[in-house]
Ligand code: SF4
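Residue numbers (our numbering): 309 to 789.
Structure, rendered in structure tokens:
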């Protein structure tokens, strides 16, 4: 049963997006019922993806108006992206490349090739639809010898591939990002899929000219590799269009950030993070991504003009460091409703403000190299600790945060090693710190209630706040998808 949103227009909007989302799935099924049926039998997680409208219901629970519309819209565009990925895999595998989630897809797309991003489908799509389905892939890898404390982000995707439940393609473009877990997952995938693989190697000195040039050369090598293994040629005019699309989105995103920095932020939380991750990173440069970004921007701008607030009872401004708690992805809606906290920026979204230089082919390649080097997690997990701390402090300052939330993902050795330094920095800057211990995709390690309790303890003992809604402090949701 869906909750009544409090106005007929909101209710109609929800219903419309419910239909639009299922419409995308139906269109996919109708485009080739037999191959789709075969794929359903081979890849059981496709059933889990069908739960996407239940996901939309959970993320918008208790939320209405513009924030609800933006969330519905972002789930719809995420569905459209994942359906597009499935289409590539089912109907056009020979023109599809398995593509590392951490790399910009601009080069591959400019060669008129499709991407298939295992982490985006499995670790984002499937886990959001049903976290228990994602557990089975993590467990598969542990049962086959992978240490249990390996990061679950690459572990889910690798589990799907190694268990034979992921489609193949023509070749693989991988990288050494964001860390050793991410890099080694691609060797396991390559062995199972038995495809030629090219690895883009991001160096230690990633933000120096020498490091950017090295990655540019790597991307030129990737073009040759793709030409050899797919027969496709680089279309420089198409690359320019994709880069211009990326720049359009960045322009909108920078304006969004300006609105978020004011004392009347019109949107907050998951929608900001999800739109960036999907439409700037994984689906970067595409026309659909520009459309999705423009729609959120329009909603935001309109709400800003009307003086609407991101959170009804806004009491605190916060920023999030480290990846969001994917095992409890709707926690941002919870913190808004119970504690009146708006999360205005997060590590994955924050950072790159540099446009792609489209003045020549080589200039575009240099900008793409810079973009590859400066992705979230990537620029924080190599080089000296200053890369990590500089962004951490600046983000809190830029958004005038009342406190910082650090999602201390237990299997991320990179960020765990920084815990002490983060604590010292917060003390130095007199910044309240809410540190949540959790495992990125595994709520069997720290439960969703465990995450809520840590936040509530912080809000009470450090911020001396009282909840806006006592009835939501404890929720029985461990078995929920
Ligand atoms: S969260 Fe940490 S361990 Fe996991 S992929 Fe990112 S950098 Fe690697």
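Note that the Cβ used here is the ideal one computed from N, Cα and C, for glycine as well.
- Taking the CA atoms as reference points, residue 713 sits about 45 Å from residue 540.
- Per DSSP, the beta bridge partners of residue 505 are 480.
- Look at residue 540 here: in three-state DSSP terms it is coil, with no helix or strand label.
- Residue list for the ligand SF4: 459, 461, 462, 486, 487, 489, 490, 631, 685, 689, 717, 719, 720, 721, 722, 723, 748 (CB closer than 7 Å to any heavy atom, chain order).
- In this structure, the straight-line span from the alpha carbon of residue 612 to that of residue 538 is close to 47 Å.
- Comparing C-alpha distances from residue 333 to each of 482, 734, 360 shows the shortest one belongs to 360.
- By a beta-carbon distance limit of 8 Å, residue 720 does not contact residue 439. Their separation comes to about 18 Å.
- Rounded to the nearest angstrom, the Cβ distance from residue 416 to residue 481 is 6 Å, consistent with a contact under 8 Å.
- Beta-bridge pairing by DSSP links residue 627 to 653, 712.
- Secondary structure of residue 363 (DSSP, three-state): helix.
- Residue state for residue 356 is assigned as helix, using DSSP reduced to three classes.
- For the pair residue 626 and residue 363, the Cα-to-Cα distance works out to about 24 Å.
- In this structure, residue 750 lies away from residue 458, with their beta-carbon atoms at least 8 Å apart.
- The criterion of a C-beta distance shorter than 8 Å is not satisfied by residue 765 and residue 510.
- For residue 686, the closest alpha carbon among the candidates 707, 489, 357 is that of 489.
- Between the alpha carbons of residue 425 and residue 408 lies a distance of about 6 Å.
- For the pair residue 745 and residue 762, the CB atoms are nearer than the 8 Å cut-off.
- For the segment 510-564, the full-length alpha helix (DSSP H) segments reaching 4 residues or more read 517-538 along the chain.
- A distance below 6 Å between beta-carbons, with the five flanking residues on each side excluded, links residue 430 to the following residues of its chain, in chain order: 464, 465, 468.
- If you draw a 10 Å sphere on the C-beta of residue 561, you find 16 or more other C-beta atoms in it, and that means buried.
- Closest in alpha carbon position to residue 649, among 450, 716, 669, 621, is 621.
- When the Cα atoms are used, residue 733 and residue 472 turn out to be separated by approximately 45 Å.
- Judged by their CB atoms, residue 742 and residue 711 are nearer to each other than the 8 Å cut-off.
- Residue 447 sits in a helix when the DSSP states are folded into three classes.
- Distance from the CA of residue 404 to the CA of residue 775, rounded to the nearest whole angstrom, comes to 50 Å.
- Residue 779 sits exposed, since fewer than 16 C-beta atoms from the chains shown fall within 10 Å of its C-beta.
- Between residue 423 and residue 383, the C-beta spacing is not below 8 Å.
- By the CB criterion at 8 Å, residue 632 and residue 581 fall inside the cutoff.
- Counting along the chain, residue 745 sits inside the beta strand (DSSP E) bounded by residues 741-746.
- In the structure shown, residue 717 adopts extended strand secondary structure according to DSSP, grouped into three states.
- The beta-bridge partner set that DSSP reports for residue 407 consists of 481.
- The Cβ atoms of residue 773 and residue 639 do not sit closer than 8 Å to each other.
- The Cβ atoms of residue 677 and residue 547 do not sit closer than 8 Å to each other.
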